[in-house]
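When we follow the numbering used here, the leftmost residue of the sequence shown carries the number 15, and every step to the right adds one. Presented below is the structure to which this report refers.
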Amino acid sequence: MSEDQPPDDSKLTRSKRGWAEQGKFLTGHAVSTQVDRLPPGQHVVGDWPVLDLGRQPDVATARWQLKIDGLVERPLTLDWAAFQAIPQRERISDIHCVTTWSRYDNRWQGVSTRDLLDLVQPKDEAAAVMLHAYDGYTTNLPLADFAAKDALLAHHWEGQPLARAHGGPVRLVVPHLYFWKSAKWISRIELLGRDRPGFWEVNGYHMRGDPWTEQRYSGA
Ligand SMILES: Nc1nc2c(c(=O)[nH]1)N[C@H]1C(S)=C(S)[C@@H](COP(=O)(O)O)O[C@H]1N2
Ligand SMILES: [Mo]
């Protein structure tokens, strides 16, 4: 033990030592984690809002198809059976919507975008992706974002088939970008040499949409 410790009987030191013993200010919650988890300008919700263009296409799995084309070595059209034959993954992720709600801990099952890209083999020139959906919606993102480790083509949420209102039978989930990039009722993944704006991006939304730097609108 050191013998040259400073005298330690000031009133403040004594009261701080007392706080430490009592655990004062400790809430029992992982406060710093909670704060780091919520992007600026967002608030947490418990329910799951539905947002779309007002058309919710009814796509039976019997007629469902997903086409992957553009700048790939092996263009592919998957039917339901072929899609289910790809390794199935589970991911838990948070949702951040540009309209300021966030929803934590969503458990998804589906096909990872990386596994899908391994099947089609993007060409060297491929740099971006345009997503097309059964309701006519489109949205774009850089290929690196589409290929993120947590990105899934999801068909189950919390152990249940994904509801039609939320994009069932299959939607994209790219959790590290605002949720408008996560196309519901996805029908086609088109690999492009250069990023091109989709529906909301033409209407003033950001080309990338990173919630941590508030890339909400293109003008900002
Ligand atoms: N096909 C399609 N995908 C879409 C949309 C849409 O209108 N059509 N809206 C986007 C927007 S703006 C948001 S916020 C989320 C909403 O998903 P949710 O309804 O499951 O919450 O879906 C995105 N994906
Ligand atoms: Mo949105």
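Beta carbons are placed, not taken as given, at the ideal position from N, Cα and C, and that holds for glycine.
Tell me whether Glu139 is buried or exposed, calling it buried when 16 or more other Cβ atoms sit within 10 Å of its Cβ. exposed
Tell whether a beta-carbon distance below 8 Å holds between Trp194 and Thr153. yes
Tell whether a beta-carbon distance below 8 Å holds between Leu157 and Ala141. In this structure, Ala141 lies closer than 8 Å to Leu157 by Cβ.
In the DSSP assignment, what are the bridge partners of Leu167? Val125, Leu186
So, does the segment 157 to 177 touch the segment 98 to 109, judging by three or more C-beta pairs under 8 Å? Because the criterion of three Cβ pairs below 8 Å is met, the segment 157 to 177 and the segment 98 to 109 touch.
Just to check, is the beta-carbon of Trp62 closer than 7 Å to a non-hydrogen atom of ligand 1? yes
beta-carbon Leu191 near ligand 1 non-hydrogen atom, thresh 7 Å: Using a cutoff of 7 Å, the CB of Leu191 does not count as near ligand 1, since none of the ligand's heavy atoms is closer than that.
Compute the Euclidean distance between the alpha carbons of Val125 and Arg69, then round it to the nearest angstrom. 25 Å
State the Cα-Cα distance for the pair Thr91 and Leu80, rounded to the nearest angstrom. 6 Å
Quick one: give me the first and last residue of the beta strand (DSSP E) that Ala142 is part of. First-last of the beta strand (DSSP E) with Ala142: 142 to 147.
Can you pull the DSSP bridge partners for Trp115? His57
State yes or no: is the C-beta of Trp194 nearer than 7 Å to some heavy atom of ligand 2? yes
Suppose contacts are defined by Cβ-Cβ distances below 8 Å. Is Ala165 in contact with Thr127 by that definition? yes
Using DSSP's beta-bridge definition, name the partner residues of Thr91. Lys81
Report the residue from Pro71, Arg77, Pro189, Gly60 whose alpha carbon sits nearest the alpha carbon of Gly223. Pro189
Considering only heavy atoms of ligand 4, does any lie closer than 7 Å to the CB of Thr152? Ligands present in the displayed structure are limited to ligand 1 and ligand 2, and ligand 4 is not among them.
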